[in-house]
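Student:
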Amino acid sequence: MNPWRESLQQSRCPADSRTVRHHSHSRVVVQTPLDLYAIALLLNYERASTEPRFRHAKLIDIATTSDSESSSRVGPVREIVRSQQWVSRTGPKDGFVFEKLSSAPRDEPDLPANMLPSPIPDGLKSLTPKNLETIFWQARGHDGCYKSVTLLQHFFDLYPPDMPLRVRTSAGADYLTSASTRVILELKLLKPKLMTIAHVVGSRTYITGAADTMMHAVAGFAESQDGNVATILDLASLQFGDAGRGVGGRSTFALESLDAFYDRVETIAVWADTDNARTSARIGPCSDDAWLKQVARRAKARWDTRDTHAWCGHCGGPGAELKKCSLCREEAYCNGAHQAAAWPYHKRFCAGRKK
74 MNPWRESLQQ SRCPADSRTV RHHSHSRVVV QTPLDLYAIA LLLNYERAST EPRFRHAKLI
134 DIATTSDSES SSRVGPVREI VRSQQWVSRT GPKDGFVFEK LSSAPRDEPD LPANMLPSPI
194 PDGLKSLTPK NLETIFWQAR GHDGCYKSVT LLQHFFDLYP PDMPLRVRTS AGADYLTSAS
254 TRVILELKLL KPKLMTIAHV VGSRTYITGA ADTMMHAVAG FAESQDGNVA TILDLASLQF
314 GDAGRGVGGR STFALESLDA FYDRVETIAV WADTDNARTS ARIGPCSDDA WLKQVARRAK
374 ARWDTRDTHA WCGHCGGPGA ELKKCSLCRE EAYCNGAHQA AAWPYHKRFC AGRKK
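Put into structure tokens, the structure is as follows:
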């Protein structure tokens, strides 16, 4: 029995159609459904590119599992490899050292592509774009799951409860529900398989996965008001490194079936206590609410101007130089690598592809 059924009893869901009509006195109001995949792209981009803890921070060094307490590493990274958490950890571990720039342009977004300083340190020159993308999200993923479900809540609060929402996954799921037909799931992970230490010079150190247990939160969506949860959205999945990538191991978030989510958590922790998962309709106030509400409003503004301002179908980034899919001429991408990363999802719904 799905533990979420009871939490969904009070939700509402519109009819199953691609355009939903509501009668208001003598007017017929036509609502275009929100698209959950697109909303996830926009929210994650707007959140990560302005994350206060890492704002204008450049990656200056890294540590890997092979770095021990007795290594000859120098500089700030030495504090990581000599820390009690690092020394006592026998399994996989990553350490990242960031340093904030005082002269960075105020409105410049933080991105994997501009995360390295100039000149690039010798030890970081071999990092690939995918490596940088993983590090970018992995570091910012500390406590990211709770920020993400809070952000999602703030975004949906900008719409009426019965706002139609289209949910699609790379596995082929495609259904209409409403923005209010969702729950927050919290479950305990036992012995996370990867530990991450992200140190910001002159600021704080953020540690993920060092304890024997940790809580993880995601959002769940059902097809109807009294249905079981069918789909999970985990906007902070990359806090667990590449094992957290969705959509064929390429996406920076996971949008998948409940069964696929349960399979994935088995790859990021020794065990997940799914039997005692906690569900709730809303999450309470947090210290980042003011910033998260700004992020939600920016994402909504971009969604509202989607017909004139495209975004990358992989990272959610804007730009006049985005290239359209050659088949449908609808979806856009920063480059070929981003298009290839998003293809496992897009190929399911590409209007120009022969079925």
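Going by our numbering, the first residue of the sequence shown is number 74, and it counts up by one from there.
We put the CB at the ideal spot given by N, CA and C, even for glycine.
Since we're looking at a predicted model, the values are computed, not measured.
(1) Using 8 Å as the Cβ pair cut-off and three pairs as the minimum, do the region 289 to 304 and the region 233 to 243 touch?
(2) Can you tell me which of the three DSSP states R239 falls into?
(3) Check each candidate in M236, G217, A405 and name the one with the smallest Cα separation from R379.
(4) State the DSSP-derived secondary structure class of Y232, mapped to helix, strand or coil.
(5) Relative to the C-alpha of I208, which residue among G168, F334, E181 is closest?
(6) Thinking just about the alpha-carbon of each residue, which of L331, K131, S139, D247 is nearest to the one in D183?
(7) Could you pull out every residue in the same chain whose Cβ sits closer than 8 Å to the Cβ of Y335, ignoring the five residues on either side in sequence?
(8) Quick one: grab the DSSP three-state call for I153.
(9) Take A414 and list the residues in its own chain whose beta-carbon comes closer than 6 Å to its own, dropping the five residues that flank it on each side.
(10) Counting Cβ pairs, one atom from each stretch, are 3 or more of them under 8 Å apart for the region 220 to 230 and the region 283 to 293?
(11) Identify which residue in T278, S297, R371, K166 has its Cα closest to the Cα of L225.
(12) Which residues does DSSP list as the beta-bridge partners of C385?
(13) Give me the DSSP bridge partner(s) of W344.
(14) In terms of alpha-carbon separation, which member of A252, Y232, L328, S191 lies closest to S176?
(15) State the Cα-Cα distance for the pair K266 and A354, rounded to the nearest angstrom.
(16) Go ahead and pull the three-state DSSP assignment for V147.
(17) Among D134, R421, F326, which residue has its Cα nearest to the Cα of I193?
(18) Our contact map puts R421 next to G245 with C-beta atoms below 8 Å; I'd like the distance itself, whole angstroms only.
(19) Counting C-beta neighbours from all protein chains within 10 Å, is the total for E329 16 or more, i.e. buried, or is it exposed?
Tutor: According to the structure data:
(1) yes
(2) Residue mapping note: residue 239 aligns to position 166 of the sequence shown, counting from 1. Three-state DSSP puts R239 in a strand.
(3) Reading the sequence shown from its first residue, position 306 is the one you call residue 379. Checked all of M236, G217, A405; the closest Cα to R379 is A405.
(4) The count along the sequence shown starts at 1 and reaches residue 232 at position 159. DSSP places Y232 in coil when its eight states are reduced to three.
(5) Taking the first residue of the sequence shown as 1, we reach residue 208 at position 135. Taking only the C-alpha atoms, the option nearest I208 is G168.
(6) As a position in the sequence shown, residue 183 is number 110, starting the count at 1. If we check each option's Cα against that of D183, K131 comes out closest.
(7) Within the sequence shown, residue 335 is the residue found at index 262, counting from 1. Taken in chain order, the residues that qualify are A345, T347.
(8) By one-based count along the sequence shown, residue 153 stands at place 80. Of the three classes helix, strand and coil, the one that applies to I153 here is helix, per DSSP.
(9) Walking along the sequence shown from the start, residue 414 turns up at place 341. Same-chain partners within the cutoff: R323, H387.
(10) yes
(11) Working through the sequence shown from its first residue, we reach residue 225 at position 152. Of the listed residues, the one whose Cα sits closest to L225 is R371.
(12) The residue you call residue 385 lines up with position 312 of the sequence shown. DSSP, once it has assigned bridges, lists A405 as partnering C385.
(13) Here residue 344 corresponds to residue number 271 of the sequence shown, with the count starting at 1. Partner(s): L263.
(14) Translated into the one-based positions of the sequence shown, residue 176 becomes position 103. Among A252, Y232, L328, S191, the Cα nearest to that of S176 is on S191.
(15) Taking the sequence shown and counting its residues from 1, one reaches residue 266 at position 193. Taking the sequence shown and counting its residues from 1, one reaches residue 354 at position 281. Roughly 29 Å separates the two Cα atoms.
(16) On the sequence shown, residue 147 is found 74 positions in, with the first residue counted as 1. In this structure, V147 counts as coil in the three-state DSSP scheme.
(17) Here the question's residue 193 lines up with position 120 in the sequence shown. Answer by Cα proximity: D134.
(18) The count along the sequence shown starts at 1 and reaches residue 421 at position 348. The count along the sequence shown starts at 1 and reaches residue 245 at position 172. Going by Cβ atoms, the distance from R421 to G245 rounds to 6 Å, so yes, they are a contact pair.
(19) By one-based count along the sequence shown, residue 329 stands at place 256. By the neighbour-count rule (16 or more Cβ atoms within 10 Å), E329 is buried.
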